[in-house]
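And the structure:
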């Protein structure tokens, strides 16, 4: 379907890259076929998550890291993940301006994901767009999350290594950093390290890291809508990590992003972490987990598509609403009945 | 299963209410049976969404509204929806303190939903906890969203009426308020109305409301992971709304929450909106949509549970990972094969 596009993509044309990403991000017709065609080319790029509270300097450090990699002759992709708020709409885009000088470099490809769908959709989109960049031959992919909350963790999990940036004045005592965040961090940067409180913050992080083994857990389970598949995956990563954990303690580095101080050290720590991932076999585990999560995402998306795009199911459900309204049937009974009649639909036999 | 609990609940015991909510919120065993048992008792409470940007004064106004309703002899439930950030963890809880005097009133029941799951999970939990409060006989349920982004809209959609609170100094020009937010607002409060810019903000909102009919849309479709079911529902609400839209223009009211100014007017506007909903038939439509969304939520939750809790499926998927890693199969092919073999599992024939 996308033969001309694929030819351009494989010839390294940036316009083709941009079109491929648009198709994938917006889930246009043929997105699945396109990702399928690129699947065999995956695995070269290193994916680096960049996360931290608002105002920590994520964009500045991402831009500096991008420059650093360019000086090493590497190509860089930056994926900015921005779960748009209906309130703060345009505000976050101001951050993008800091990227501008880097953006003019033809060896840097920047893409903002303005996806406003579900959290699952956001991490799925990040994974897919990163896949496209990877297949294009980009060397380093920086995945910068501007969001708040669970999305940070979901998105960070799509990376090989996670850089967590904190600042002394953010007012977030280290105690407020949830276990989940400490778990995903492979490298810490204490940014704006010339400000008061920076050394104390570093000490606090290191203290917390010392208490870390086995205590915390990646997932936040036990909650409503608990995602069994992901919990299983998280458990596996954790178990494999526990085996080798003694070999990687996240370094806590000082940076001053606006002056590009400490960037080489961060890049070097990320390189070391990557070597550690390779040597310990964890890289393969992380990538296997990522592939499995891809399947889980696709399965859930297909399930939704098959069920709710089906006119017959819609009519059937509509006809049961009066019973629901009258309190004669519960949503659970209707849901069971709906699934009982949807075997062929869900399994794809009728599509 | 929950016979004793149900007896206490029906006798109006608050301890039973608290336990029922905990079971439902954390999706403990028997949650579905419990909700099923309460289903016939639903429909008495009025559900009022309270939303707005951080710092707009949502908690203050919720507390004042609760006091107002108490003075009218009504019981009040407050559901605080707080998609916890791993960064700002405890910060938002400070807001809860403003509720404290109201919280001591036995006619007020306050519950914070700390659910950190998916967005879908958050609105599902809100709907379910509100259902429990409704079945308990609570008269007014205030659903206060502290989150940012899409979750505001999802959660607001579980209410009968939505109060949107804005403040002059929030720096959010009305242009940055996305169409979705304008669509869900049934009543606007311009809070901190004694500050500069308040009148200008009111004028801007009224101007925007004047341009409103048909132009905007509830859903943010076209994005990745687009939820077909919800788009259909949103469309239906919109279509029905368009028929009657000439009859309800959201009033834009002035409030000074800290001085309880304008609260009676807000309560009165919400009452008028409820009467409008009843008279126009929209109340029934909104509640039908909510019931249908409940079924959709339950179906999707059951699908996930059945698939990913199944050991056989896990083993099957695990065995295909080497093909995925080698690039011999794509996630789409594996997903299709997985669904093809899961007909009995998904339809509930084997569970």
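Chains as they are written, first to last, in our numbering: chain A, 386 to 736; chain B, 386 to 736. By construction, the Cβ of each residue, glycine as well, lies at the ideal position given by its N, Cα and C atoms.
Using the DSSP secondary-structure output, state which residues sit across from residue i in a beta bridge.
i             : result
residue 526/B : 432/B, 462/B
residue 457/B : The partner list for residue 457/B (beta bridge, DSSP) is empty, contrary to what the question assumes.
residue 551/B : 575/B
residue 638/B : 574/B
residue 444/B : Beta-bridge pairing links residue 444/B to no other residue.
residue 449/A : Answer is none; residue 449/A lacks a bridge partner.
residue 546/B : 433/B
Quick check on DSSP: helix, strand or coil for residue i?
i             : result
residue 727/A : coil
residue 606/B : Only weak support exists for where residue 606/B lies, its pLDDT of 33 falling under 50; the coordinates are left without a value.
residue 538/B : helix
residue 592/B : helix
residue 496/A : strand
residue 574/A : strand
residue 470/B : Bear in mind that a pLDDT of 49 at residue 470/B, under 50, signals an unreliable position, so the number given afterwards is only what the model happens to contain. If DSSP states are grouped into helix, strand and coil, residue 470/B belongs with coil.
residue 734/B : coil
residue 502/B : With a pLDDT of only 49 at residue 502/B, under 50, the local geometry of the prediction cannot be trusted, and the value read off the model is given with reservation. Residue 502/B: coil per DSSP, three-state reduction.
residue 722/A : helix
Find the nearest neighbour of residue i within the set the options, judged by alpha-carbon distance.
i             : options                    : result
residue 728/B : 528/B, 553/B, 691/B, 507/B : 691/B
residue 672/A : 730/A, 405/A, 432/A, 725/A : 432/A
residue 574/A : 541/A, 547/A, 412/A, 592/A : 547/A
residue 511/B : 406/B, 449/B, 421/B, 594/B : 406/B
residue 636/A : 653/A, 646/A, 642/A, 644/A : 653/A
residue 655/B : 732/B, 400/B, 414/B, 447/B : 447/B
residue 399/A : 462/A, 528/A, 670/A        : 462/A
residue 507/B : 641/B, 538/B, 593/B        : 538/B
residue 442/A : 392/A, 552/A, 591/A, 699/A : 552/A
residue 526/B : 576/B, 586/B, 589/B, 455/B : 455/B
residue 640/A : 491/A, 669/A, 694/A, 450/A : 450/A
residue 572/B : 549/B, 590/B, 588/B        : 549/B
residue 698/B : 711/B, 681/B, 726/B        : 726/B
residue 434/B : 733/B, 389/B, 569/B, 643/B : 569/B
residue 430/A : 584/A, 730/A, 587/A, 543/A : 543/A
residue 666/A : 593/A, 632/A, 420/A        : 632/A
residue 415/B : 392/B, 436/B, 387/B        : 387/B
residue 649/B : 582/B, 540/B, 410/B, 452/B : 452/B
residue 524/A : 576/A, 493/A, 668/A, 683/A : 493/A
residue 651/A : 419/A, 576/A, 720/A        : 576/A
residue 567/B : 668/B, 436/B, 724/B        : 436/B
residue 638/B : 595/B, 663/B, 584/B, 440/B : 584/B
residue 644/A : 719/A, 445/A, 411/A, 409/A : 445/A
residue 686/B : 721/A, 587/A, 711/A        : 721/A
Which residues in chain C have a C-beta closer than 8 Å to the C-beta of residue i? List them in chain order.
i             : result
residue 687/A : Considering every chain present, this structure includes no chain C. Its protein chains are A and B.
I want to check one thing, is the minimum distance from the CB of residue i to the heavy atoms of the ligand ZN below 7 Å?
i             : result
residue 417/A : This structure does not include the ligand ZN; it has no bound ligands of any sort.
- Runs of alpha helix (DSSP H) lying entirely within the stretch 657 to 714 of chain B, each at least 4 residues, in chain order: DSSP runs (the alpha helix (DSSP H)) wholly in the stretch 657 to 714 of chain B: 667 to 693, 696 to 710.
- Message: Pairs of beta-carbons, one from the stretch 417 to 433 of chain A and one from the stretch 513 to 523 of chain A, closer than 8 Å: are there three or more?
- Response: yes
- Evaluate contact between the stretch 712 to 722 of chain A and the stretch 447 to 466 of chain A, counting only Cβ atoms and requiring at least three cross-stretch pairs below 8 Å. no
- Message: Measuring CB atoms only, is the stretch 662 to 682 of chain A touching the stretch 700 to 712 of chain B, in the sense that at least three cross pairs come out at less than 8 Å?
- Response: yes
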